[in-house]
Amino acid sequence: MSGLCNEKLIYKNLVNGEWVESASGNLITINSPADGSLIGKIQANTKEEVDNVIALSKVNQKKWAKIPIYEKATILYKAASLLEERAEAISDILMMEISKDKKSSLSEVRRTADFLRFTADAGKGIEGLAISGENFPGGSRNKMSYVKRVPLGTVLAISPFNYPINLSASKIAPALMGGNTVILKPATQGSISALYLVEAFQDAGVPNGVINTVTGKGSEIGDYIVAHDGIDFINFTGSTEVGQHISRLAHMTPLLLELGGKDAAIVLEDADLEFAAKNIVEGAFSYSGQRCTAVKRILTTDSVADKLVKLLKPLVEGLTVGDPRDNSTITPLIDSKSADFAQVLIDDALSKGATLVTGNKREANLVYPTLIDNVTEDMEIAWKEPFSPILPIIRVRSIDHAIEIANESEYGLQSAVFTNDINQAFYVADRLEVGTVQINNKTERGPDHFPFLGVKASGMGTQGVRYSIEAMTRHKAITINLFEQ
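Right, dumping it as structure tokens:
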């Protein structure tokens, strides 16, 4: 058994190259949402330990920044190879820790390996710029500015439960290529999977102290670490509520926030409805809808909705429901609180006159896929993010009405429009207040080198391999003044 954990399944934190237990002796038990079985126990770090980790990160950052970019890239390539070698074992942990089906768990690990390689390549392509002074009126060719990118320092990476491998790596790898050190604070549920990712980085040759981890409840160390003056950048993925809280505490620390969404699929009358239905169901219900980019509402007119419901119903009822080990699409939600919230949204809609097409069945924290028609604007499900397998249909008067409802949301992550008319597609896309519009495709994150961003309550800043490297570095200008000849 590696130094990461012991025979009692007690997982340690990586601090300055060593796997260590908290001096507090306090542990947090991680049980599987799928069957309640013990996955392991993680450390509950103290504020003093947070101070120590930050101090170590600051010291080691100066050393890491001096390492040539091609050497940094070589380490990422090695980490990618190690992830692929360990994909089966890591995906088994991931599957049971967050109740994600085996196929999706394995895909997440392998996708992360691809992400690391692409990030290494992109990092090698980040170059400086020389600007001549003669280009500006009154300037001189004897003045030149050499502009390069330099690291921000210590990056705090806070990852969510739903993609603890991929969304930890999407923060760590660009930060490393930019010359930063990283402190990873994963979500409590998902911490064990994230620690296996960090182990791959460490085994790949990341120098001691360049990546450190802290685990523990946000209520105990969360506010302390995000407000710490030793943190130079915060990269957070999670709920809008927590993201807004972090932004208030962070003061002038730069942020990259990936928050919630209420992604709409707008289906126009000329759309290929069979294609749209299949695409929407996949987008709405994969990993039980526990994705910020899940399709969370359909906006369409009566004539389309009548046909679409008939196509959606058998597709939704055909989804496999049950244990993640059986490769079920719909698996138990991350906890009972999430299932309770899903039930509240369903009950509210039905009590106000919505039509249940299929679903509304629950077994503990397993919520069956639910399709609800005739949802109106006074219902909570029209506006709140369910993070569960619920798909509401809101009937609209026109395209402009659909755009209006889509834009009334506090969120602005993504939207989709289904149509065979490219002019109509761009008419809708240009008017939607979101970071990304998908034309004839479900809302989704990738490919990972595309820009990924949210507006309004959905986030701050732009992700995507090159964009993330740029976000975690800054320009530094050195002006050269030549003597007149």
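Residue numbers (the working numbering): 78 to 562.
For every residue, glycine included, the Cβ atom is placed at its ideal position computed from N, Cα and C.
I need the boundaries of the alpha helix (DSSP H) containing residue i, first residue and last residue.
{"i": "Pro251", "result": "243-254"}
{"i": "Ile302", "result": "300-303"}
{"i": "Asn500", "result": "499-508"}
{"i": "Asn108", "result": "It is not in any alpha helix (DSSP H) - Asn108 instead sits in the beta strand (DSSP E) that spans 104-108."}
{"i": "Arg163", "result": "Note, Arg163: premise wrong, no alpha helix (DSSP H); not H, not E."}
{"i": "Val325", "result": "A small fix is needed here, since residue 325 is Arg in this sequence, not Val. Run containing Arg325: 317-326, per the alpha helix (DSSP H) assignment."}
Within the same chain, show all residues whose beta-carbon is closer than 6 Å to that of residue i, passing over the 5 residues directly before and after it, in chain order.
{"i": "Gly315", "result": "Pro237"}
{"i": "Ser182", "result": "Ser168, Leu171, Met172"}
{"i": "Ala142", "result": "Pro228, Gly256"}
{"i": "Lys384", "result": "Leu350"}
{"i": "Asn93", "result": "Leu133, Asn285, Gly286"}
{"i": "Leu206", "result": "Val224"}
{"i": "Cys82", "result": "Tyr88"}
Which same chain residues, not among the five before or five after residue i, have their C-beta less than 7 Å away from its C-beta?
{"i": "Val275", "result": "Leu91, Leu261, Ile288, Thr290"}
{"i": "Asn517", "result": "Phe495"}
{"i": "Phe527", "result": "Gly541"}
{"i": "Val97", "result": "Lys89, Asn90"}
Measuring alpha carbon to alpha carbon, tell me which residue in the options is nearest residue i.
{"i": "Lys332", "options": "Ile311, Asp347, Pro409", "result": "The amino acid occupying residue 332 in the given sequence is Leu; Lys does not appear at that position. Closest by alpha carbon: Ile311."}
{"i": "Ile302", "options": "Thr432, Leu389, Ala132", "result": "Ala132"}
{"i": "Leu490", "options": "Leu427, Lys373, Val393, Met549", "result": "Lys373"}
{"i": "Val381", "options": "Tyr223, Lys180, Gly366, Leu345", "result": "Leu345"}
{"i": "Tyr488", "options": "Thr432, Ile471, Thr513", "result": "Thr513"}
{"i": "Ala304", "options": "Ala166, Val127, Lys179", "result": "Val127"}
{"i": "Lys118", "options": "Glu125, Thr377, Gly102", "result": "Gly102"}
{"i": "Asn497", "options": "Val130, Ile343, Arg325", "result": "Ile343"}
{"i": "Ser324", "options": "Asp280, Tyr88, Gly536, Thr123", "result": "Gly536"}
{"i": "Arg474", "options": "Thr330, Val444, Thr378, Glu162", "result": "Thr378"}
{"i": "Thr330", "options": "Ala246, Glu394, Phe313", "result": "Phe313"}
{"i": "Glu318", "options": "Ser415, Leu326, Leu336", "result": "Leu336"}
{"i": "Asn404", "options": "Ser114, Thr189, Lys180", "result": "Lys180"}
{"i": "Glu84", "options": "Lys355, Ala100, Ile116", "result": "Ile116"}
{"i": "Ala327", "options": "Asp347, Phe352, Asp300", "result": "Asp300"}
{"i": "Ile471", "options": "Lys89, Asp340, Asp112, Pro391", "result": "Asp340"}
{"i": "Ser247", "options": "Ala234, Asn239, Thr520", "result": "Ala234"}
{"i": "Ile476", "options": "Gly320, Lys390, Asp455, Ala502", "result": "Ala502"}
{"i": "Lys429", "options": "Glu454, Lys414, Ala281, Ser114", "result": "Glu454"}
{"i": "Phe192", "options": "Leu530, Gly523, Gly267", "result": "Gly523"}
Consult DSSP for residue i and reduce its assignment to one of helix, strand or coil.
{"i": "Trp96", "result": "strand"}
{"i": "Gln540", "result": "strand"}
{"i": "Pro263", "result": "strand"}
{"i": "Ala493", "result": "strand"}
{"i": "Asn558", "result": "strand"}
{"i": "Leu229", "result": "coil"}
{"i": "Gly80", "result": "coil"}
{"i": "Met456", "result": "coil"}
{"i": "Lys533", "result": "strand"}
{"i": "Phe418", "result": "helix"}
{"i": "Leu396", "result": "coil"}
{"i": "Leu86", "result": "coil"}
{"i": "Ile411", "result": "coil"}
{"i": "Lys311", "result": "In the sequence under discussion, the amino acid at residue 311 is Ile, which differs from the Lys named in the question. Reduced to three states, the DSSP call for Ile311 is strand."}
{"i": "Ile144", "result": "coil"}
{"i": "Val372", "result": "coil"}
{"i": "Ser222", "result": "strand"}
{"i": "Val283", "result": "coil"}
In terms of residue numbering, what span does the beta strand (DSSP E) encompassing residue i cover?
{"i": "Arg472", "result": "467-473"}
{"i": "Pro463", "result": "Counting along the chain, Pro463 falls outside any beta strand (DSSP E), and DSSP gives it neither H nor E."}
{"i": "Ser209", "result": "206-209"}
{"i": "Asn289", "result": "288-290"}
{"i": "Glu481", "result": "No beta strand (DSSP E) contains Glu481, which is instead part of the alpha helix (DSSP H) from 476-485."}
{"i": "Gly117", "result": "115-120"}
{"i": "Ile516", "result": "513-516"}
{"i": "Phe192", "result": "Segment 179-201 is the alpha helix (DSSP H) holding Phe192; no beta strand (DSSP E) there."}
{"i": "Phe278", "result": "Premise fails: Phe278 lies in the alpha helix (DSSP H), 268-280, not in any beta strand (DSSP E)."}
{"i": "Ala341", "result": "341-344"}
{"i": "Thr432", "result": "432-435"}
{"i": "Glu335", "result": "332-335"}
Return the Cβ separation of residue i and residue j in integer angstroms, given the expectation that the two are a contact with Cβ distance under 8 Å.
{"i": "Pro446", "j": "Pro466", "result": "4 Å"}
{"i": "Ser545", "j": "Pro251", "result": "4 Å"}
{"i": "Leu410", "j": "Ile458", "result": "Actually they are not in contact, since the Cβ atoms of Leu410 and Ile458 sit about 16 Å apart, beyond 8 Å."}
{"i": "Val224", "j": "Ala554", "result": "5 Å"}
{"i": "Leu509", "j": "Ala483", "result": "6 Å"}
{"i": "Gly436", "j": "Leu448", "result": "6 Å"}
{"i": "Met221", "j": "Ile203", "result": "Met221 to Ile203, Cβ: 20 Å. No contact."}
{"i": "Asn239", "j": "Ile175", "result": "7 Å"}
For residue i, I'd like the list of residues in its chain whose CB is within less than 8 Å of its CB, leaving aside the five on either flank, ordered along the chain.
{"i": "Tyr147", "result": "Lys201"}
{"i": "Lys294", "result": "Ile105, Ala121, Thr265"}
{"i": "Ser217", "result": "Gly210, Glu211"}
{"i": "Gln420", "result": "Arg439, Val444"}
{"i": "Thr432", "result": "Ile449, Asp450, Asn451"}
{"i": "Ser413", "result": "Ala441, Asn442"}
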